Amino acid sequence: MSTLSYEPLTPTAYLDRAAAAHGDRIAVVDGEERWTYAELHERCRRLAGALAPLADGRPVAVLAPNTHVLLEANFGVPWAGVPLVAVNTRLAAREVAYILEHAKAAVLVHDPVFDELVEDAVALLSEAAPRRIRAGEEYERLLAAAEPLAITPEDERSVLSINYTSGTTGRPKGVLYSHRGAYLQALAMVGHTGLSPSAVHLWTLPMFHCNGWCFPWAVTAAAATHVCLPKVEPARVWQLIREQGVTHLNGAPTVLSMLAYAPEAAPVETTVRVATGGAPPSPAILRRMSELGFDVTHLYGLTETYGPAMICDWRPEWNALDEQEQARLKARQGVGNMISCTARVIADDGTDVPADGATVGQIALRGNNVMLGYLDDPEATHAAVPDGWFRTGDLGVVHPDGYVELRDRSKDVIISGGENIASVEVEQAIAEHPAVLEVAVVAVPDDRWGEVPAAYVTLRDGESATETEIVEFVRERLARFKAPKSVTFGDLPKTSTGKIQKYVLREKAWAGVERRIQ
Numbered sequence: 344m345s346t347l348s349y350e351p352l353t354p355t356a357y358l359d360r361a362a363a364a365h366g367d368r369i370a371v372v373d374g375e376e377r378w379t380y381a382e383l384h385e386r387c388r389r390l391a392g393a394l395a396p397l398a399d400g401r402p403v404a405v406l407a408p409n410t411h412v413l414l415e416a417n418f419g420v421p422w423a424g425v426p427l428v429a430v431n432t433r434l435a436a437r438e439v440a441y442i443l444e445h446a447k448a449a450v451l452v453h454d455p456v457f458d459e460l461v462e463d464a465v466a467l468l469s470e471a472a473p474r475r476i477r478a479g480e481e482y483e484r485l486l487a488a489a490e491p492l493a494i495t496p497e498d499e500r501s502v503l504s505i506n507y508t509s510g511t512t513g514r515p516k517g518v519l520y521s522h523r524g525a526y527l528q529a530l531a532m533v534g535h536t537g538l539s540p541s542a543v544h545l546w547t548l549p550m551f552h553c554n555g556w557c558f559p560w561a562v563t564a565a566a567a568t569h570v571c572l573p574k575v576e577p578a579r580v581w582q583l584i585r586e587q588g589v590t591h592l593n594g595a596p597t598v599l600s601m602l603a604y605a606p607e608a609a610p611v612e613t614t615v616r617v618a619t620g621g622a623p624p625s626p627a628i629l630r631r632m633s634e635l636g637f638d639v640t641h642l643y644g645l646t647e648t649y650g651p652a653m654i655c656d657w658r659p660e661w662n663a664l665d666e667q668e669q670a671r672l673k674a675r676q677g678v679g680n681m682i683s684c685t686a687r688v689i690a691d692d693g694t695d696v697p698a699d700g701a702t703v704g705q706i707a708l709r710g711n712n713v714m715l716g717y718l719d720d721p722e723a724t725h726a727a728v729p730d731g732w733f734r735t736g737d738l739g740v741v742h743p744d745g746y747v748e749l750r751d752r753s754k755d756v757i758i759s760g761g762e763n764i765a766s767v768e769v770e771q772a773i774a775e776h777p778a779v780l781e782v783a784v785v786a787v788p789d790d791r792w793g794e795v796p797a798a799y800v801t802l803r804d805g806e807s808a809t810e811t812e813i814v815e816f817v818r819e820r821l822a823r824f825k826a827p828k829s830v831t832f833g834d835l836p837k838t839s840t841g842k843i844q845k846y847v848l849r850e851k852a853w854a855g856v857e858r859r860i861q
């Protein structure tokens, strides 16, 4: 009796399939450049051939905006047999240096726009710098000279990529993704968003963020077209939507706001399907996007869950409801991911809370798209997944229809424009200022970004500092988007034991705001 063959699940297989079935169709549009799926397949395999001997079994980091280089890395790096580390392009040099050292990256591929950032980051490294490959002529020469290579993992649960996120301690953690998890997450995204060979996906979501929610592999699995966009500029987005016939895009509610109220905004001829996450979209934005012909679906997830873990799956019977009620339903976090994930809301004793829309518990997730763990941090891994269920730190309720809705955020993480900012990290930076005695950083409402960091500072006796000084002090140490947007000086509210009552500051800042997640 013959033995059935078994192929480990890996998302790179989607490009094999796309090249075989749709090789002559356009896979990538990047400015004036165009590549078919057959050409993309060849380029990615040549990238693997170039990187394998340079990496020598260690991760390859990529610092690039949404260009073909980062897209190709999602296939070429795993085919080289090593993990991909897509670096957040908004980080400061010190943060980039930490990631390169922590991941032990052997190679850094970077876009020329980050030449100065890379120089500054490399100068901070205490160990040998990774081999640097500059996108453009050097990158193309390497591809041209390389022999095609494709290493298939023997174990589908081996590490595919390492994605860095800020936790409540402020120190970035390396979240380990598996080949199996990314394969199934990509497949789930194909099903949930209706991707097909006729789809045209515009890259408004950063590819570095959770590997672009696994859409580099999902769009490829559907043999749809990738339209690269290095920078989200509303005028350019609207131009590409019309010129390229865009059918799909993803992004935080902030991106939707930028598009909805841009001077170029006008109803589209063909419906554009949008997946949004990072914060609940406001009813006003949902209504405006609907008027423009955009079908918005709200997703919920974390870096530890490969991006989306829950989806606000739309039910046809809700179409009969008025716009206000539809918007309220759309803003909920939803139900577990179709293929990859199961969601619960649990009480302190580990039991499920009743589905009454009122009893608050912590959201817990389990499934194929929950991380393998944190790189070199077993204690943090066990704390996050103590019993097989990943504790998100987010608090919510379950409605009678089974849909989950967030009510609070137990971790002191600020989500601004879809990017996580650890309040502790910002506090630590401010505390280094010689005039600062105490500091607390909390999220405050912002019309554009949803929420932004605000600092509350007590100065040392006899010392002085201005808001501008504090903000610039932080910008010199962290990414600019992490700097507080306001600084308030004075005594901080405290408990009888001397602990700063950050919730008091939040309550005051969010007073009168109809919807908030702290």
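Mapping the sequence shown onto my numbering, position 298 (from 1) lands on 641, and the numbers just tick up by one. Think of the CB as a built atom: it goes at the ideal place given N, C-alpha and C, for glycine as much as any other residue. Since the model is a prediction, treat every value here as computed from it, not as a measurement.
D665 counts as exposed, since fewer than 16 other C-beta atoms from the protein chains shown sit within 10 angstroms of its C-beta. Taken atom to atom, the span from the alpha-carbon of V615 to that of L545 is near 10 Å. Shown here for V598: same chain residues with a beta carbon closer than 7 Å to its own, the five before and five after excluded, namely T547, V575 in chain order. Beta-carbon to beta-carbon, P827 and V784 are separated by about 6 Å, close enough to satisfy the 8 Å threshold.
Excluding five sequence positions before and after A436, the CB atoms of its chain that fall closer than 7 Å to its own CB belong to L460, D463, A464, L467, given in chain order. Residue burial annotation: S469 is exposed, with fewer than 16 other C-beta atoms found within 10 angstroms of its C-beta. In the three-state reduction of the DSSP assignment, E819 falls in the coil class, being assigned neither a helical nor a strand state.
Q676 counts as buried, since at least 16 other C-beta atoms from the protein chains shown sit within 10 angstroms of its C-beta. W581: not part of any beta strand (DSSP E); member of the alpha helix (DSSP H) spanning 577-587, first to last residue. Secondary structure note for W422: its alpha helix (DSSP H) is the uninterrupted segment 411-422. Within the DSSP secondary-structure output, Y482 pairs in no beta bridge. By the criterion of a C-beta distance shorter than 8 Å, V589 is surrounded in its chain by V543, H544, L545, V570, L583, V615, once the five residues flanking it on both sides are discounted. Under DSSP, C684 takes part in a beta bridge, and its partners are G710. Closest in C-alpha terms to T694, from the list V713, F457, S683, D730, comes D730.
Per DSSP, the continuous alpha helix (DSSP H) segment holding W853 begins and ends at 845-853. Looking only at H445, R386, T410, E781, the smallest Cα-Cα distance to H453 is reached by T410.
Looking from the CA of G524, the closest CA among A663, G805, I628, R709 belongs to R709. If you check the CB distance, G400 and A489 do not come in under 8 Å.
Residue pairing by DSSP places L545 opposite V570, L592 in a beta bridge. Residue state for F551 is assigned as coil, using DSSP reduced to three classes.
Here L383 carries a helix assignment [DSSP, helix/strand/coil]. For T563 and I505, the gap between their C-alpha atoms comes out near 21 Å. Under the 10 Å beta carbon count, K837 is surrounded by fewer than 16 other beta carbons and is classified as exposed.
With respect to the 8 Å criterion, L492 and P426 are not classified as neighbours on the basis of their beta carbons. A straight-line Cα-Cα distance of about 45 Å links S625 and A398. Looking at the DSSP output, D789 shares a beta bridge with G793. Within 10 angstroms of the beta-carbon of L347 lie fewer than 16 other beta-carbons, which makes it exposed. Rounded to the nearest angstrom, the gap between the Cα atoms of V713 and A690 is 20 Å. A Cβ-Cβ distance of about 12 Å is found for the pair L602 and A595, leaving them out of contact under the 8 Å criterion.
Segment contact: the region 518-537 against the region 439-451, fewer than three CB-CB distances shorter than 8 Å; contact not assigned.
Our two residues, T809 and E775, have alpha carbons roughly 15 Å apart in a direct line.
When the beta-carbon positions are compared, V372 and T568 come within less than 8 Å of each other. In the DSSP annotation of this structure, the continuous segment of the beta strand (DSSP E) that includes D373 starts and ends at 369-373. Boundaries of the alpha helix (DSSP H) around Y526: 522-536. DSSP places D638 in the uninterrupted beta strand (DSSP E) bounded by 637-645.
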